[in-house]
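Going by the numbering used here, the letters in the sequence shown line up with residues 140 to 549, in that order. For every residue, glycine included, the Cβ atom is placed at its ideal position computed from N, Cα and C. What follows is a short report on a single structure.
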Amino acid sequence: MNKIIKSLVGGSLCSLLLSACGPHGGGEELVQLAQQTPINTVKYEYPEGSAVATHGALKVDGLQLCDQSGKPVQLAGFSTMGWQWCADCYNEESIKNLIDNWHINILRLAMYVEEGGFNRHPDKNTEMMCNLIETCGKLGIYCIVDWHILTPGNPNDSLYADSHAFFKLMSRKYAGAPHVLFELCNEPNGEGATWEEIRDYANQIIPTIHAAYDSIGAQHPIIICGTPQWDQLVDACLVKGRYQGNELDFVELPADDRRLQFDNVMYTFHFYASSHNEGSPKDGVEDYYNFYKYMYKVLGQLPVFCSEYGLTEASGDGAIDTDRTDKWIHMFRGNNAGKQLVSFCNWSYSDKDEKSAALQPKSCRRKQWDNATISGDYVRRVLNVANNGATDPSVLKPENVYTPAAETKE
Ligand code: IDC
140 MNKIIKSLVG GSLCSLLLSA CGPHGGGEEL VQLAQQTPIN TVKYEYPEGS AVATHGALKV
200 DGLQLCDQSG KPVQLAGFST MGWQWCADCY NEESIKNLID NWHINILRLA MYVEEGGFNR
260 HPDKNTEMMC NLIETCGKLG IYCIVDWHIL TPGNPNDSLY ADSHAFFKLM SRKYAGAPHV
320 LFELCNEPNG EGATWEEIRD YANQIIPTIH AAYDSIGAQH PIIICGTPQW DQLVDACLVK
380 GRYQGNELDF VELPADDRRL QFDNVMYTFH FYASSHNEGS PKDGVEDYYN FYKYMYKVLG
440 QLPVFCSEYG LTEASGDGAI DTDRTDKWIH MFRGNNAGKQ LVSFCNWSYS DKDEKSAALQ
500 PKSCRRKQWD NATISGDYVR RVLNVANNGA TDPSVLKPEN VYTPAAETKE
C-alpha cells in the first residue's frame, strides 16, 4: 500500500487524499469525518534541494526554531489572503513561481472561519486547504494551517466550535508530514480574549493534534499559538498586563509563568509597520511605548513566529513604510535580546485592491504572478536576501537597525 501511495506522489495523490476531505457541512459531519480519517502514513518525497528536503522535520530548541539536525532555521515567505476573495491566486503554478522567482520556503494558508469562509462552505474550504497543503508538499516548501479567526476575537467563541474537529482531521491526515505546521488561531482580540482563554483553547487543541502524531510515533509538529491583542501581547504567558496600542496605557502586573507545557510550541507576533513601531511620545515621555523595545526583550524570553506582517497600516491599506519594516526584519535576523532568528510571512500574496497585497489588482486572473506592487517588490527583494543569499542594498539598510540604547536608561 505504501508503495502505491509513494508512486502516486504528484497529481493523483492529491485526489486520493482529498477523498478524506470529502463533502461535509461542518458540525457533526465534520466530527465524523475526522474520526473516520485514517492516520496518514504517507512518506513524502520532497524534491531534492527543496526547503523541506533540506531541513526536514522542524523542532524548537529553547528560543530557536531548528531543523532536523538541530541547526537554527529561519523560514520566510507569504501568507495567503482569505481565498474566498482571491481563489485564483493559489494553485500549483502560482506557488511554483513563488518558490522559483520569489524564493519563498513557507506559505501560510489563511482559512478565514467567518466572513464567507469556512463557516459558510466548510467542505469547499477544507478541500482548498487540503489541496494547498498537498501542493506545498509536492513542491517541497513548508506551510502553516491557519485557522483564521478575527471577528469575534475569542477562539472559544461558539462560532468557532468546529476548530476541534478541523484540527483533528488535519492532524490525522498529515501526521508525520514534516512540511505541515499548525497555527491554532489567528489574532485573538478583544476584552474576552485573555491569555487564560487562549491557553484553555490551546490546551484542548494541542493534545488532539499530538494524539495523531503519537499514534504513529512521529515527532510533534510545530504549533504556533496566538497571543492576546491581535498577536501583540506576545509575553502574556509571562507577564500579566495589556499592551493597548501606541496611544494607550500599558499596565504591567506581577510576573507569572503560564507558558504552554508542550514541546515545539511557538508564540505568535504580528506587526504592520506603519502602525506598530516606536510609538509616539506621551506625557512628555519620548519613548512611552516603543514596540521595538518591547519585542527586542520578548525575543530573549520566548520562541516567536511572525506568521503575518505588513508594510502598511493595520488595516492592510494606507501608508507603506519600508524603513520601519527593515527595522523589524533586522530584528528577526538576530538583532534581539535572544539572538533569535524569527520566521516571517508577509500579508499577503494576493491581488486584492489594497496596499498590502503583493500583486496588482487582477493579476491572478491573468496569471501575472510577478506583477508586483510596491509592497510585493520590497518583499521579493527581502526574500531574495534572506532565503537566497543575495546582496541588495535597497532593502534591510544598515541605518535601519534598531538599537536598544534607550533601555539602559531605565
Ligand atoms: C484583512 C484583509 C482585508 C479584509 C479583512 C477582512 O487585508 O482585505 O477585508 O482582512 O477582515 C490582520 C488580520 C487579517 C487582515 C489584516 C489587514 O489577520 O485578516 O486582513 N490584518 O487588516 N491583522 C492585522 C492586520
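{"Check": "The ligand IDC heavy atom lying under 7 Å from the CB of L248", "Outcome": "no"}
{"Check": "Straight-line gap, D370 to K536 (C-alpha atoms, nearest Å)", "Outcome": "26 Å"}
{"Check": "P211 (DSSP reduced to helix, strand or coil)", "Outcome": "strand"}
{"Check": "Pair within 8 Å by beta-carbon distance, L323 and A351", "Outcome": "no"}
{"Check": "Assigned secondary structure, S302 (DSSP; H/G/I helix, E/B strand, else coil)", "Outcome": "helix"}
{"Check": "For K198, the three-state DSSP class (helix, strand or coil)", "Outcome": "strand"}
{"Check": "A525 versus C269: straight-line alpha-carbon distance, rounded", "Outcome": "28 Å"}
{"Check": "Outcome for L412 when other beta-carbon atoms lying within 10 angstroms are tallied against a minimum of 16", "Outcome": "The sequence given here has Ala at residue 412, not Leu. Buried, by the Cβ-count rule."}
{"Check": "First and last residue of the uninterrupted alpha helix (DSSP H) at V481", "Outcome": "Where V481 is concerned, there is no enclosing alpha helix (DSSP H), given that its DSSP letter is neither H nor E."}
{"Check": "Per-residue DSSP class, three states only, for C324", "Outcome": "coil"}
{"Check": "Backbone CA spacing between Q507 and C445 [nearest angstrom]", "Outcome": "27 Å"}
{"Check": "Inter-residue spacing [alpha-carbon to alpha-carbon] between N385 and Y428", "Outcome": "Any answer about N385 is weak, because its pLDDT of 36 lies below 50 and its placement is not dependable; what the coordinates show is given next. Roughly 6 Å between the two C-alpha positions."}
{"Check": "Span separating the alpha-carbon of G255 from that of W224", "Outcome": "9 Å"}
{"Check": "Contact set for L214: own chain, Cβ-Cβ below 7 Å, skip 5 residues either direction", "Outcome": "N244, I245, Y281 and S482"}
{"Check": "Nearest-angstrom Cβ-Cβ length linking R247 and T219, presumed shorter than 8 Å", "Outcome": "7 Å"}
{"Check": "Residue burial classification, V518 (beta-carbon count within 10 angstroms, cutoff 16)", "Outcome": "buried"}
{"Check": "Residue span of the beta strand (DSSP E) that contains T530, given as start and end", "Outcome": "Looking at the DSSP string, T530 is not in any beta strand (DSSP E), and its letter there is neither H nor E."}
{"Check": "Three-way DSSP call (helix, strand, coil) for S413 in this model", "Outcome": "coil"}
{"Check": "Terminal residues of the beta strand (DSSP E) in which L248 lies", "Outcome": "I245 to Y251"}
{"Check": "Residue of N264, I363 and T193 minimising C-alpha distance to S208", "Outcome": "T193"}
{"Check": "Own chain, CB closer than 6 Å to N510, minus 5 neighbours either side, in chain order", "Outcome": "L498, Q499 and S502"}
{"Check": "With 16 other Cβ atoms within 10 Å as the buried cut-off, status of I362", "Outcome": "buried"}
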